[in-house]
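So the structure is just underneath, and the comments pick up after that.
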Amino acid sequence: MAQDDNAAMMISGRCYCGATTVHGEKPPQIVTYCHCDDCRRLSGAPVSAFAAFGENDITFEPDEGQTVEVVQGARRSFCRQCGSSTIALYDYAPGQVFVPIGILDQADQFAPVQHAHAGRCLSWLKIDDTAERIAESSRTQLAAARGKVQKPGDA
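Every position in the sequence shown, counted from 1, becomes a number in our numbering once 649 is added.
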């Protein structure tokens with residue numbers, strides 16, 4: 650679960666081709682799975698996982714890439730070279746940016762602590778963990794994590 654300190658930790662990562670890199674000095678505020686239709690379609694996977702960071706706690710080089718807004722209030726960016734998902738911004742989560750956990754070099758250190766839209770989980774997908782299941786949106790939990798950090802190994 651997220652903690653109230655801002656412990657320093659080097660965060661790094663990259664898109665598939667390496668043209669877009671990510672850097673930060675604080676752990677994510679919270680890491681979560683999302684089972685919603687939009688995230689599944691965006692990732693091409695049966696479930697997506699993302700890390701929420703403070704908007705000033707993570708940077709992209711040369712930038713976060715090409716941004717699209719297919720669903721009003723949800724802006725998502727992709728590497729201009731390979732198309733990897735790099736970041737998502739949601740109007741309902743001001744001050745937070747959401748980075749797909751798979752592009753982070755430290756992904757193994759941050760297990761998701763919740764399943765958002767767990768009610769939409771594919772019937773054949775079985776994830777055996779103790780993470781909280783939230784039937785629909787996790788907006789309340791994401792907002793509560795603002796300004797906190799999830800320590801490595803928290804789950």
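Think of the CB as a built atom: it goes at the ideal place given N, C-alpha and C, for glycine as much as any other residue.
As the structure is a prediction and not an experimental result, all values here were calculated from the model.
- Roughly how many whole angstroms lie between the Cα atoms of Val746 and Ala701? If you take the alpha carbons of Val746 and Ala701, they lie about 6 Å apart.
- CB of Val748 within 8 Å of CB of Ile736, strictly: The answer is yes: Cβ separation under 8 Å.
- State the CB to CB distance for the pair Gln751 and Tyr739, rounded to an integer number of angstroms; the pair is presumed to be in contact (CB under 8 Å). The sequence as given places Gly at residue 751; Gln does not occur at that position. Not quite, the Cβ-Cβ distance comes to about 19 Å (not below 8 Å), so this is no contact.
- Item | Pick from Ser726, Cys683, Asp686, Glu710 that is closest to Ser661, judged by C-alpha positions | Out of Ser726, Cys683, Asp686, Glu710, Glu710 has the C-alpha closest to the C-alpha of Ser661.
- Task: Taking Leu691 as part of the alpha helix (DSSP H), name the residues at either end of that continuous run.
- Result: Run containing Leu691: 686 to 692, per the alpha helix (DSSP H) assignment.
- Rounded to the nearest angstrom, how far is the Cβ of Ile679 from that of Ala794, given a contact under 8 Å? Between Ile679 and Ala794 the beta-carbon gap is near 4 Å, inside 8 Å, which marks them as a contact.
- Cα-Cα separation, Asp778 to Ala765: Their Cα atoms are separated by approximately 14 Å.
- Check whether the Cβ atoms of Arg729 and Ala668 sit closer than 8 Å, and answer yes or no. Yes, they are a contact pair.
- Message: For Gly693, count the other beta carbons within 10 Å of its own beta carbon; 16 or more makes it buried, fewer makes it exposed. Which is it?
- Response: Looking at its Cβ environment, which holds fewer than 16 other Cβ atoms inside 10 Å, Gly693 is exposed.
- Message: Considering only DSSP beta bridges, list what Ala737 is partnered with.
- Response: DSSP lists Arg725, Phe747 as partners of Ala737.
- Is Ile776 helix, strand or coil by DSSP? Residue state, collapsed to three classes: coil.
- Task: Report the rounded CA-to-CA distance for Ser726 versus Arg663, giving the unit in angstroms.
- Result: Ser726 and Arg663 have their C-alpha atoms spaced approximately 13 Å apart.
- Task: Helix, strand or coil for Asp653, going by three-state DSSP, please let me know.
- Result: In this prediction, Asp653 has a pLDDT of 43, which is less than 50 and means its spatial position is unreliable; what the coordinates show is noted afterwards. Of the three classes helix, strand and coil, the one that applies to Asp653 here is coil, per DSSP.
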